[in-house]
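So the sequence shown is numbered by the working numbering: it starts at 5 and just counts up by one.
Idealized CB from N, CA, C, for every residue including glycine.
Remember, it's a predicted structure, so these values are computed and weren't measured experimentally.
What follows is a set of notes on a single structure, which appears directly below.
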Amino acid sequence: MAKDWNTRTKLVHEGIRRSQYGEVAEAIFLTQGFVYDSAEAAEARFIEKGEDEFIYARYGNPTVRMFEDRIATLEGAEDAFATASGMAAVNAALTAMLKSGDHVVSSRALFGSCLYILEEVLTRFGVEVTFVDGTDLDAWTAAIRPDTRAVFFETLSNPTLELIDIKAVSDLAHAVGATVVADNVFATPIYSRAIDLGADVVVYSTTKHIDGQGRCLGGVVLGTREFIRKTLEPYLKHTGGAMSPFNAWVMLKGLETLDLRVRAQTASAKALATALDGHGRLARVIFPHLPSHPQYALATTQMAEGGTMLAIDVHGGQPAAFRVLNALRIFTISNNLGDAKSIVTHPATTTHQRLNDDQRAALGITPGLIRVSVGIEDTADLLADLRQALDHA
Ligand SMILES: *Cc1c(COP(=O)(O)O)cnc(C)c1O
Numbered sequence: 005m006a007k008d009w010n011t012r013t014k015l016v017h018e019g020i021r022r023s024q025y026g027e028v029a030e031a032i033f034l035t036q037g038f039v040y041d042s043a044e045a046a047e048a049r050f051i052e053k054g055e056d057e058f059i060y061a062r063y064g065n066p067t068v069r070m071f072e073d074r075i076a077t078l079e080g081a082e083d084a085f086a087t088a089s090g091m092a093a094v095n096a097a098l099t100a101m102l103k104s105g106d107h108v109v110s111s112r113a114l115f116g117s118c119l120y121i122l123e124e125v126l127t128r129f130g131v132e133v134t135f136v137d138g139t140d141l142d143a144w145t146a147a148i149r150p151d152t153r154a155v156f157f158e159t160l161s162n163p164t165l166e167l168i169d170i171k172a173v174s175d176l177a178h179a180v181g182a183t184v185v186a187d188n189v190f191a192t193p194i195y196s197r198a199i200d201l202g203a204d205v206v207v208y209s210t211t212k213h214i215d216g217q218g219r220c221l222g223g224v225v226l227g228t229r230e231f232i233r234k235t236l237e238p239y240l241k242h243t244g245g246a247m248s249p250f251n252a253w254v255m256l257k258g259l260e261t262l263d264l265r266v267r268a269q270t271a272s273a274k275a276l277a278t279a280l281d282g283h284g285r286l287a288r289v290i291f292p293h294l295p296s297h298p299q300y301a302l303a304t305t306q307m308a309e310g311g312t313m314l315a316i317d318v319h320g321g322q323p324a325a326f327r328v329l330n331a332l333r334i335f336t337i338s339n340n341l342g343d344a345k346s347i348v349t350h351p352a353t354t355t356h357q358r359l360n361d362d363q364r365a366a367l368g369i370t371p372g373l374i375r376v377s378v379g380i381e382d383t384a385d386l387l388a389d390l391r392q393a394l395d396h397a
């Protein structure tokens with residue numbers, strides 16, 4: 005496909021593999037296997053598989069391949085491997101390359117399941133993991149050692165929207181030959197160019213903005229052809245984390261509208277954050293492109309726009325936050341994000357319930373904090389809904 009196409013064009017046309025019927029919409033190849041013309045052809049395919057040749061859906065499938073090609077061009081990566089969920093992607097990206105005795109440095113502010121993989125799973129197999137405050141470059145400098153094999157972080161953290169300086173941390177990691185793995189879910193591929201800034205491997209939960217309409221679980225790992233085909237594929241194809249062809253088709257169609265949706269959601273998120281900043285019932289409003297964000301300078305250089313997420317901290321703690329949540333009419337209480345529907349989450353009692361009070365406090369997860377994922381509804385309706393709910397705080 006044409007290299008000079010802009011994002012929206014690529015998101016509609018990139019990666020299409022038409023069958024002999026010349027269908028307009030991408031076909032769903034809902035098949036686990038593929039037939040060979042002869043015994044010799046089967047043998048040849050097992051020795052070396054061509055671009056348009058498939059063996060078994062756990063290894064790859066035409067619909068899944070269309071999705072992988074399309075998202076790889078969006079991210080500016082050489083190759084991609086789609087997975088059953090975002091967690092399958094995070095787990096495979098790390099486990100495929102690490103072995104007992106390796107050292108990993110990770111930011112501490114992580115999605116709960118990412119923390120589980122680093123803290124509980126990898127360490128059980130003899131990988132040493134050092135956690136740092138991801139916003140503190142001195143902490144990264146002190147933690148990264150000559151034997152550090154990988155560095156892991158979420159480019160924009162959940163739920164307090166702290167940024168990692170991707171370029172600076174990647175430079176530190178590369179100085180010792182470590183591989184940088186970045187979870188770019190919150191920042192989205194539209195606004196955060198993690199590979200351009202130095203990340204070697206980027207992972208997404210496609211469950212979030214890429215589906216964007218709350219239907220399917222999915223994930224993807226992006227990186228160099230060498231990493232994806234030599235390190236990741238052997239691990240994934242034998243351990244079974246493949247994306248289903250039907251889910252790949254949903255994600256492929258999700259990519260077509262990703263740029264339109266994320267831009268609309270981001271414009272609303274910015275309008276809501278700006279309008280609510282300084283509201284009498286709120287202790288703080290967190291949004292990367294608000295000048296009051298502690299990393300505003302980095303946020304405006306690293307992210308073209310502030311993204312689809314914000315967080316509000318209601319005066320009066322959990323009881324006040326619950327009153328606000330229960331008074332909302334358009335925003336639904338759920339724990340997904342990046343969806344067409346606006347969603348609110350109370351991290352302290354749901355996604356981060358497993359942590360103790362001190363751990364939550366260290367991450368800035370106060371009892372009054374509400375995470376807001378802004379959808380594609382009308383901005384004025386969303387603002388009116390938040391305002392009337394805050395009156396109940
Ligand atoms: C949701 C999420 C994941 C996990 O993705 P699933 O598709 O739910 O497995 C990983 N990282 C981040 C930052 C997420 O928000």
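Across the set Ile380, Ala273, Tyr25 and Ala88, the C-alpha of Ala88 shows the shortest separation from the C-alpha of Gly64.
Spatial neighbours of Ala198 in its own chain (CB-CB distance under 7 Å, excluding positions within 5 residues in sequence) are listed in chain order as Thr159, Ile170, Ala186, Asn188 and Val206. For Phe326, the three-state secondary structure derived from DSSP is helix.
Note on geometry: alpha-carbon atoms of Lys53 and Arg233 lie some 12 Å from one another. When only Cα atoms are considered, Ile374 and Ala154 end up about 32 Å apart.
Contiguous beta strand (DSSP E) elements confined to the segment 322 to 374 occur at 347 to 349, taking only those with 3 or more residues.
Taking 8 Å as the upper bound for CB-CB distance, Ala100 and Tyr239 are in contact here, some 4 Å apart. In this structure, ligand 1 has no non-hydrogen atom nearer than 7 Å to the beta-carbon of Lys234.
Glu132 sits in a strand when the DSSP states are folded into three classes.
Around the beta carbon of Val39, fewer than 16 other beta carbons lie within 10 angstroms, which makes this residue exposed. Val184 and Cys118 have their C-alpha atoms spaced approximately 15 Å apart. Taking the CA atoms as reference points, Leu102 sits about 20 Å from Tyr208.
At a cut-off of 4 residues, the continuous stretches assigned as alpha helix (DSSP H) that sit fully inside the segment 142 to 215 are 170 to 179 and 192 to 195. Here Phe50 is exposed: its Cβ has fewer than 16 other Cβ atoms, across all protein chains shown, within 10 Å.
Closest option to Leu126, judged by alpha-carbon separation, among Val94, Val136, Gly138 and Ala268: Val94. Sequence-distant partners of Glu260 (beyond 5 residues in either direction) whose C-beta falls short of 7 Å from its own C-beta, in its chain, are Leu15 and Val16.
Taking the Cβ atoms as the reference, Gly227 lies roughly 13 Å from Asp200, outside the contact range of under 8 Å. Rounded to the nearest angstrom, the gap between the Cα atoms of Leu341 and Asp106 is 33 Å. Taking 8 Å as the cut-off, the beta carbon of Thr67 is found no closer than this to the beta carbon of Ala96. For Ile32, the three-state secondary structure derived from DSSP is coil. In this structure, the alpha-carbon of His213 lies about 14 Å from that of Phe71. Taking 8 Å as the cut-off, the Cβ atoms of Gly311 and Phe190 count as close.
Residue pairing from DSSP places Met313 in a beta bridge opposite Ser377. Scanning its chain for C-beta atoms nearer than 6 Å, with the 5 sequence neighbours on each side dropped, one finds around Met91 the residues Ser117, in chain order. The alpha-carbon of Arg358 is positioned some 13 Å away from that of Ala365. Apart from the 5 residues on each side of it in sequence, Thr139 sits with its Cβ closer than 6 Å to the Cβ of Glu166 in its chain, given in chain order. If you ignore the 5 residues before and after Ala308, its C-beta comes within less than 7 Å of the C-beta of Tyr195, all in its own chain and listed in chain order. Glu158 has its CB nearer than 7 Å to a heavy atom of ligand 1. Between the alpha carbons of Trp144 and Phe135 lies a distance of about 9 Å.
In the DSSP assignment, Asp73 falls within the unbroken alpha helix (DSSP H) covering Pro66 to Glu79. According to DSSP, residue pairing for Ser23 in a beta bridge does not occur.
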